[in-house]
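Trainee: In mature numbering (1 follows the signal peptide of the UniProt record, and there is no 0), the protein residues as written are -24 to -1, 1 to 530.
Even for Gly, the Cβ is constructed at its ideal location relative to N, Cα and C.
1. Could you tell me whether the segment 132 to 143 touches the segment 288 to 302, where touching means 3 or more Cβ pairs closer than 8 Å?
2. To the nearest angstrom, how far is it from the Cα of residue 132 to the Cα of residue 207?
3. Please report the residue range of the alpha helix (DSSP H) in which residue 170 lies.
4. Return helix, strand or coil for residue 49, following the three-state DSSP convention.
5. One question on the structure: do residue 98 and residue 29 come within less than 9 Å of each other, judged by their Cβ atoms?
6. Specify whether the segment 475 to 488 and the segment 363 to 377 touch according to this definition: at least 3 beta carbon pairs, one from each stretch, less than 8 Å apart.
7. Quick one: what's got a C-beta closer than 6 Å to residue 251's C-beta in the same chain, skipping five residues either side?
8. Tell me the rounded alpha-carbon separation between residue 316 and residue 476.
9. Locate the beta strand (DSSP E) running through residue 321, then write down its first and last residues.
10. I need the straight-line Cα distance from residue 184 to residue 307, nearest angstrom please.
11. With H, G and I counted as helix, E and B as strand and the rest as coil, what does DSSP make of residue 117?
12. To the nearest angstrom, report how far apart residue 329 and residue 337 are at their CA atoms.
13. Given residue 15, which residues of its chain have a CB within under 6 Å of its CB, disregarding the five upstream and five downstream residues?
14. Use the C-beta contact count for residue 508: other C-beta atoms within 10 angstroms, 16 or more gives buried, fewer gives exposed.
15. Can you have a look at residue 146 and say buried or exposed, based on whether 16 or more other CB atoms are within 10 angstroms of its CB?
16. Kindly indicate the opening and closing residues of the alpha helix (DSSP H) around residue 129.
17. Would the segment 360 to 369 count as touching the segment 397 to 411 if we require 3 or more Cβ pairs under 8 Å?
18. What does a CB cutoff of less than 6 Å around residue 492 pick up in its chain, not counting 5 residues either side in sequence?
19. Whole angstroms are fine: how far does the CA of residue 22 sit from the CA of residue 541?
20. Quick check: is the beta carbon of residue 154 nearer than 9 Å to any beta carbon in chain C?
21. Using 10 angstroms around the beta-carbon of residue -8, count the other beta-carbons present and answer buried if the total reaches 16, otherwise exposed.
22. Assuming residue 272 contacts residue 47 (C-beta within less than 8 Å), just tell me the rounded distance between them.
23. Residue ranges of each alpha helix (DSSP H) run of no fewer than 4 residues wholly in the segment 30 to 96, ordered along the chain?
24. Measuring CB to CB, does residue 189 end up less than 9 Å from residue 248?
25. Rounded to whole angstroms, what's the CA-CA distance from residue 85 to residue 19? Just pull it up for me.
26. Which stretch, first to last residue, makes up the alpha helix (DSSP H) that contains residue 304?
27. Once DSSP output is grouped into helix, strand and coil, what is the label at residue 184?
28. What residue range is occupied by the uninterrupted beta strand (DSSP E) comprising residue 425?
29. Note down the Cα distance separating residue -22 from residue 502, rounded to an integer number of angstroms.
30. Suppose contacts are defined by Cβ-Cβ distances below 9 Å. Is residue 229 in contact with residue 125 by that definition?
31. Shortest alpha-carbon distance to residue 280 belongs to which of 480, 120, 170?
32. Give me the residue from 45, 473, 500, 529 with the minimum Cα distance to residue 520.
33. According to DSSP, is residue 334 helix, strand or coil?
Structure below.
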């Protein structure tokens, strides 16, 4: 039974109805449009990037040709129909509250929630499937197709640039939606409603690419070589065996090859993540099989600069029709998302009510504002009110007895901007030690976000995602003495420090090490005098989080 997604955009629905012409069935294969990449040298990697992007070194790449687009469903279908090849089954493709992996792992290349047209990238194909497709295409066409090497991919993606992105530096990240289908304001606004799978506001680019998930290939501006979707849309599998740095890696454009290899390189990011950058690497186990991953091909020209190939003309013509219809939908709908509000304040009135005020959005197009309150202890969020754009304040007459967190969102009809920063009402919750103190039960924590962790047990999923911010808690000891503290922490691995303070005095804590994940740090010695104390904690990386503290008397 064919699986259809919960939501198909109008553009995708139109694309699905574009029939392949009768003579296409007589074509033994689809010749992919190819771009000629000239011989050249570049500095591969980034000194500002992750550890596996170093050391930066000069690499010389012989001329080759690269697919103008990622391989599409239509192209892969030719392979299956011609050969009867048994493509991999059991793909992880469904979206649910924890994003991927919900429900049955039952996807195939032609039956998953991302098969929106013949002109979308083919996904739910394994690395071996991609290699076998390239071998078949080579055999029937007489050309030599294969997966790109990592050096070829980065050279082609950069297209002569040295900046973080092929379209510019970090300051141009807001322009990413002109060049890539990525996690953006459009996805942020609709994904929770469509899939019950919300984005975190710090995990998107603040622009609008007009797509919620995977898109028709080639909708966005190309890079300097004329390649499309080198950022975003689908992750692209490469030929190289992954190693965690570039020490000893080839400098002639060839792949890293090992006799025994279980982990390979992938590049480019996807529609589900913010824009990655030209040097960003991914590692992928050979048997990993899911729906964010596709591939594109290169044509090996043995270093010879050959004229670019336009591809099978009937296919290119239909693809251009699909692209035109998708872009027309973008142009017609094109919701304007208001900017994030940056000036929000909270004051406590004499009667105990909470007064929230903010500055008007700077740009026009705002029709109103919505005020929300989060209860950090339950992680429940309620919409308190929606106001017209003339109202810049709201009074909560029934505030929480403990700390409540407020934020405001600018609205333009159904389109919503990003939430403002949180402001806390900050009434102190005093913990009588010995006690279990939940990470989300802070008094004051600007910059900290309360979320659910899918990796913690039921009944204990609410956490304080602290990152590099600071969270404060109030304790009361009924008697002086020595105490032992345990902390349940999440860290990003492999090694990380954090700061724990008691009344502004540092507490010696062990270093976090090992694989990324949750750790329980035990037997931290603390002396508490009788009376009130302030406990604060701060991390060093964005992924640092706290589930709870346990404080017991020795």
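Mentor: Reading it off the structure:
1. Remark: fewer than three beta-carbon pairs, one from each stretch, lie closer than 8 Å, so the segment 132 to 143 and the segment 288 to 302 are not flagged as touching.
2. Rounded to the nearest angstrom, the gap between the Cα atoms of residue 132 and residue 207 is 12 Å.
3. Unbroken alpha helix (DSSP H) run through residue 170: 161 to 171.
4. Here residue 49 sits in helix by DSSP.
5. No. Outside cutoff.
6. The way I'd put it, the segment 475 to 488 doesn't touch the segment 363 to 377; fewer than three beta-carbon pairs between them come closer than 8 Å.
7. Excluding five sequence positions before and after residue 251, the CB atoms of its chain that fall closer than 6 Å to its own CB belong to 152, 156, 158, 181, 207, given in chain order.
8. One alpha carbon belongs to residue 316, the other to residue 476, and they sit about 32 Å apart.
9. Run containing residue 321: 320 to 324, per the beta strand (DSSP E) assignment.
10. The straight-line gap from Cα to Cα measures roughly 12 Å.
11. Of the three classes helix, strand and coil, the one that applies to residue 117 here is helix, per DSSP.
12. One C-alpha to the other measures close to 25 Å.
13. Counting only Cβ-Cβ distances below 6 Å, and skipping sequence neighbours, we find 38, 39.
14. So residue 508 counts as exposed.
15. It is exposed - the Cβ of residue 146 has fewer than 16 other Cβ atoms within 10 Å.
16. Segment 126 to 134, the alpha helix (DSSP H) holding residue 129.
17. Taking a cut-off of 8 Å for Cβ pairs, the segment 360 to 369 and the segment 397 to 411 do not touch, as fewer than three such pairs fall below it.
18. So the qualifying residues of the chain are 468, 469.
19. Since the first and last residues shown for the chain are -24 and 530, residue 541 lies out of range.
20. Absent from the structure: chain C. Only one protein chain is present.
21. With a pLDDT of 48 at residue -8, under the threshold of 50, the modelled position of this residue cannot be trusted; read the value that follows with caution. With fewer than 16 other beta carbons inside 10 angstroms of its own, residue -8 counts as exposed.
22. Between residue 272 and residue 47 the beta-carbon gap is near 6 Å, inside 8 Å, which marks them as a contact.
23. Segments of the alpha helix (DSSP H) lying fully in the segment 30 to 96: 49 to 59.
24. Yes, the Cβ-Cβ distance between residue 189 and residue 248 is below 9 Å.
25. Rounded to the nearest angstrom, the two C-alpha atoms are 36 Å apart.
26. Per DSSP, residue 304 belongs to the alpha helix (DSSP H) from 289 to 309.
27. Coil, per DSSP.
28. Where residue 425 is concerned, the enclosing beta strand (DSSP E) stretches over 425 to 428.
29. Model confidence at residue -22 stands at a pLDDT of 42, short of 50, so the residue's coordinates are unreliable and nothing is read from them.
30. Taking 9 Å as the Cβ cut-off, residue 229 and residue 125 qualify as a contacting pair.
31. It is 120.
32. Taking only the C-alpha atoms, the option nearest residue 520 is 473.
33. Judged by DSSP in its simplified three-state form, residue 334 adopts strand.
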